[in-house]
Amino acid sequence: MKIKLRQLEDGRHQFDVNMTEPASDLLDFSPVKGRLTVAKSGVTLRVSGLLEYSVRQYCSLCLKSFEAKGQAEIDLFYRPQTREDIKGIKELELKPDELDMVFYQGQEIDLWPQLRETLLLSLPVKPLCREDCRGLCAQCGKPLGARPCGCTQKQTDLRWEKLLKLKKEK
Numbered sequence: 068m069k070i071k072l073r074q075l076e077d078g079r080h081q082f083d084v085n086m087t088e089p090a091s092d093l094l095d096f097s098p099v100k101g102r103l104t105v106a107k108s109g110v111t112l113r114v115s116g117l118l119e120y121s122v123r124q125y126c127s128l129c130l131k132s133f134e135a136k137g138q139a140e141i142d143l144f145y146r147p148q149t150r151e152d153i154k155g156i157k158e159l160e161l162k163p164d165e166l167d168m169v170f171y172q173g174q175e176i177d178l179w180p181q182l183r184e185t186l187l188l189s190l191p192v193k194p195l196c197r198e199d200c201r202g203l204c205a206q207c208g209k210p211l212g213a214r215p216c217g218c219t220q221k222q223t224d225l226r227w228e229k230l231l232k233l234k235k236e237k
C-alpha cells in the first residue's frame with residue numbers, strides 16, 4: 068500500500084485496506100483487511116488504525132500447520148529524512164514518544180514494510196493449534212490427540228539403574 072504525498076491534502080483521510088494477494092514472504096499474511104486513518108500536517112503524517120489478518124502458522128507443541136486469525140493496532144508517524152540525517156552530521160535523539168517515527172524520502176510512502184512489522188509483532192510467541200493441545204509423545208513422537216499413542220514403556224535414567232535393581236531384589 069503506497070501513499071502519494073502530492074495527491075494528499077492536509078487533514079484526515081480514511082483508507083480501506085484489503086490485501087488478498089500473498090506477499091512473497093516467509094509468513095503469508097493473507098488476507099489483511101482493515102481501515103487506516105492518515106492525518107497529514109505539512110510534511111508529517113500519522114497513520115493509525117486496526118488491521119485484521121489471517122496467517123498460516125505451526126503449533127509450537129505438535130508442529131501441526133493451522134490458520135490463525137489476529138488483529139494488529141497501527142499507530143505510526145512519518146516525517147521526511149533530511150540531508151543531515153542522511154550524512155550523519157546531525158545526531159538525532161528520539162524521545163520515547165517518537166520511537167514509532169518512520170523516515171521517508173521522495174513523494175511516495177510505501178506503508179507495507181511497517182505494516183508487516185506490526186503484524187509480525189502481534190503474532191503470539193508460542194502459537195498453539197488448539198488451547199488444549201497436548202503436543203507430541205516424548206517417546207515415539209506421535210501426536211497426543213484425543214487418544215494416547217499407546218506407549219507404555221518408560222525410559223529410566225541409566226544412572227538410577229543399579230538402585231532399581233536393588234529395589235527389585237528386596
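Numbering (the working numbering), first residue to last: 68 to 237. Positions of the beta carbon are idealized from the N, C-alpha and C atoms, including for glycine.
Worksheet item: Contact between the stretch 175-185 and the stretch 128-137: three or more CB pairs below 8 Å?
Response: no
Worksheet item: CB Val110 to CB Leu143, shorter than 8 Å?
Response: no
Worksheet item: Would the stretch 188-197 and the stretch 99-106 be scored as touching if the rule is three or more Cβ pairs under 8 Å?
Response: no
Fill in: Identity of the residues DSSP links to Leu117 by a beta bridge
Arg102 and Glu140
Worksheet item: Near Met168, which residues of its chain fall below 6 Å by C-beta distance, leaving aside the five closest residues on each side in sequence?
Response: Phe144
Worksheet item: Roughly how many angstroms separate the alpha carbons of Leu230 and Cys204, rounded to a whole number?
Response: The alpha-carbon atoms of Leu230 and Cys204 are separated by roughly 27 Å.
Worksheet entry | Continuous beta strand (DSSP E) stretch holding Arg183: start and end | Looking at the DSSP string, Arg183 is not in any beta strand (DSSP E); the run it does join, the alpha helix (DSSP H), is Trp179 to Ser189.
Worksheet entry | N- and C-terminal bounds of the alpha helix (DSSP H) containing Lys71 | Counting along the chain, Lys71 falls outside any alpha helix (DSSP H), though it belongs to the beta strand (DSSP E) covering Lys69 to Lys71.
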